[in-house]
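*Asks:* Quick one: this structure, given as structure tokens, is what I'll be asking you about.
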Amino acid sequence: MSVEKKWNLPAVPSALRTRNPIREIVDKLTIVKGDKELIPLSIGDPTVFGNLKPPKCLAESVSKCLIEGKSNGYPPATGYSKTRAAISARFSHPKLPQPLDENDVVITSGCSGALELSLKVLAKEGDNFLLPRPGFSLYQTICNHLGIEIRYYDLVPSRSWECDLTQMESRIDEKTRGILINNPSNPCGSVFSRPHLLDILSVAERNRVPILSDEIYENMVFRGTEFHPIASLSSEVPILTVGGIAKQYLVPGWRVGWILIHDRKNRFASIREGLARLSTLILGSNSLIQAAIPEIFEKTPKEYYHNLNLTLEEQAMTCFKELSQIHSLRPIQPCGAMYIMV
1 MSVEKKWNLP AVPSALRTRN PIREIVDKLT IVKGDKELIP LSIGDPTVFG NLKPPKCLAE
61 SVSKCLIEGK SNGYPPATGY SKTRAAISAR FSHPKLPQPL DENDVVITSG CSGALELSLK
121 VLAKEGDNFL LPRPGFSLYQ TICNHLGIEI RYYDLVPSRS WECDLTQMES RIDEKTRGIL
181 INNPSNPCGS VFSRPHLLDI LSVAERNRVP ILSDEIYENM VFRGTEFHPI ASLSSEVPIL
241 TVGGIAKQYL VPGWRVGWIL IHDRKNRFAS IREGLARLST LILGSNSLIQ AAIPEIFEKT
301 PKEYYHNLNL TLEEQAMTCF KELSQIHSLR PIQPCGAMYI MV
């Protein structure tokens, strides 16, 4: 007499340990309507209220590519050559030890995709990675999914959210595969000074660990503050910088980001190959938006960037002023990005 075999379909452990703390709270939140309308401040989506508008050339450039019909197929896994060339030219900062070229760029499905690929290629299950605290919750989500041990270093509020460098260095051991920094910061709204970035680089160089720099808010800083790409300050430390069009161009749903490979000593040779292979998992990011990026970079007026930063600064200072008048709260004045930490 045969016994009927039962179905047994458990999800794999890596799926079950994948959780985004912010999404778990926000997606399940039930708001009871009161007399006043609540202002949601739980997620960094610049499109929510409709008051921030992308530059007009974005729609024009995308429409042009759509009508031409040349970008409907699968792009190369790492991105169109012309788009990677445009990105490399855009981010070849004058102070970089060596200009970037298109081979130093991997186009991804948003900056979150860039973070995932970077962490996948740098660390395996059982390795550890240094993350900022407080920090963007997706870092934790990706590391937990991949089985990477998280080792936090604190950001110090009394020092405008600078890294606790002594603590950072104490967290490093033989299984540490990198230090992740986020500058300008989500959720702190802080911007690291040049001397502080040099100190971070010193920690990385002494311990021979690379840096993963999340610069999605690059140049989104307020008056009197200067943004320094960390890769512009070192030719010794290999650095992966991630970014994208989501924040500065106000189109997070378009899902195009990138990884910039800064490696003047060829220490990332295996990492380059690994990134190219990992890129084949999604067969390339959004082809239409990719194709429009060179023209978007070329045609977006400088006034757009300036005016966006002024608007963000005005709103940030309003929040800071009003929150400062609440006796039990102590906000830290932000210098950039889209956030204020209380």
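For the sequence shown, position 114 matches number 114 in UniProt numbering, and the numbering has no gaps at all.
All C-beta atoms, glycine included, are put in the ideal place defined by N, C-alpha and C.
Is V26 helix, strand or coil by DSSP?
*Replies:* Three-state result, V26: helix.
*Asks:* Helix, strand or coil, according to DSSP, for N144 in the structure here?
*Replies:* Helix.
*Asks:* Could you check which residue in P294, L283 and L240 has the C-alpha nearest to that of R272?
*Replies:* Of P294, L283 and L240, the residue nearest in Cα terms is L240.
*Asks:* Relative to the alpha-carbon of V342, which residue among S109, G224, P134 and G178 has its alpha-carbon at the smallest distance?
*Replies:* Per the Cα distances, P134.
*Asks:* Three Cβ pairs or more, each shorter than 8 Å: is that satisfied between the region 119-131 and the region 140-148?
*Replies:* At 8 Å Cβ cutoff, the stretches touch.
*Asks:* Cα separation between E68 and R19?
*Replies:* About 41 Å.
*Asks:* So if DSSP puts Y152 in a beta bridge, which residue, or which two residues, is it bridged to?
*Replies:* BP columns for Y152 point to L131.
*Asks:* Which residues in the same chain have their Cβ closer than 7 Å to the Cβ of R171, if we skip the five residues on either side of it in sequence?
*Replies:* Excluding residues within five positions, the ones whose Cβ falls inside 7 Å are L130, R151 and Y153.
*Asks:* Give the secondary structure of M341 by DSSP, where H, G and I count as helix, E and B as strand, and everything else as coil.
*Replies:* In the structure shown, M341 sits in a strand (DSSP, three-state: E or B).
*Asks:* Take T47 and list the residues in its own chain whose beta-carbon comes closer than 8 Å to its own, dropping the five residues that flank it on each side.
*Replies:* Cβ neighbours of T47 beyond the five flanking positions: L250, V251, P252 and G253.
*Asks:* Below 8 Å on the Cβ atoms is my guess for V203 versus E149; work out the distance and round it to an integer in Å.
*Replies:* With a Cβ gap of about 19 Å, V203 and E149 do not count as contacting.
*Asks:* Select from E162, Y304, I293 and C319 the residue whose C-alpha is nearest the C-alpha of L66.
*Replies:* If we check each option's Cα against that of L66, I293 comes out closest.
*Asks:* Among F49, G44 and K28, which one has its Cα closest to the Cα of L38?
*Replies:* Closest by alpha carbon: F49.
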